[in-house]
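These notes are about the structure you will find just below.
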Amino acid sequence: MANKHFFRIGIIGIALLCFFVGVGAAASDNASLQVRATVLPWVKAQAIQQTASYQVTRADIAKGYTDLTAAVSLQIQTNIVHGKLLLQVANLGAEQVLVKQAGTFNEQIFIPLVAGNPQEIQTYDLRVVLPPAVVIGSYPLYLSMQTTVL
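Everything in the sequence shown is counted per the working numbering, starting at 317 for the first residue and increasing by one.
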């Protein structure tokens, strides 16, 4: 919200400068205006779809994990031209959750950032590592995601 106010104040300031330069230009043949602006980098990552629960079967218990296909979709927006976003995934329950990227499951992944893709949506598979005392049944999935721009 504060950024919008600074933007508005900046626009008003530029308009006033243009007005006074225009008044001065009416009195002379030449006028110039130099404007410098700094745009801070930003990233917005939002989970737009997330699996709310998962089923544990006898086969899952034997493997020690269960895989969830297309379990979370992220919408990523940025003005960064080239960079990386570190995404760390955790479960607020007892189970460890890993996210799949390039065929490998990890606690964190790196997402390349490219400006100009305002509505980029990426979907990820998850692996829930089951605790030793798990039983067959349905369990809620409480995901926590943290992002860091690198």
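Backbone N, C-alpha and C define an ideal beta-carbon position, used for all residues, glycine too.
Please list the terminal residues of the continuous alpha helix (DSSP H) segment that includes residue i.
i: I377; result: R374 to K379
Which class does residue i belong to by DSSP, given the choice of helix, strand or coil?
i: I396; result: coil
i: L356; result: coil
i: L457; result: coil
i: S389; result: strand
i: M317; result: The predicted position of M317 is uncertain, since its pLDDT is 49 and thus under 50; a value taken from the coordinates is nonetheless stated next. The answer is coil: DSSP assigns M317 none of H, G, I, E or B.
i: N346; result: coil
i: E436; result: strand
i: A361; result: strand
i: L466; result: coil
i: L403; result: strand
Using the Cα positions of residue i and residue j, report the straight-line distance between them to the nearest angstrom.
i: K379; j: A449; result: 13 angstroms
i: G399; j: W358; result: 11 angstroms
i: Q417; j: T463; result: 16 angstroms
i: V351; j: A431; result: 23 angstroms
i: V445; j: I392; result: 27 angstroms
i: D376; j: L442; result: 14 angstroms
Please state if the CB of residue j and the CB of residue i are separated by a distance shorter than 7 angstroms.
i: A410; j: L390; result: no
i: T367; j: L457; result: yes
Between which two residues does the beta strand (DSSP E) harbouring residue i extend?
i: V415; result: Q412 to Q417
i: P448; result: Counting along the chain, P448 falls outside any beta strand (DSSP E), and DSSP gives it neither H nor E.
i: L429; result: Q424 to L429
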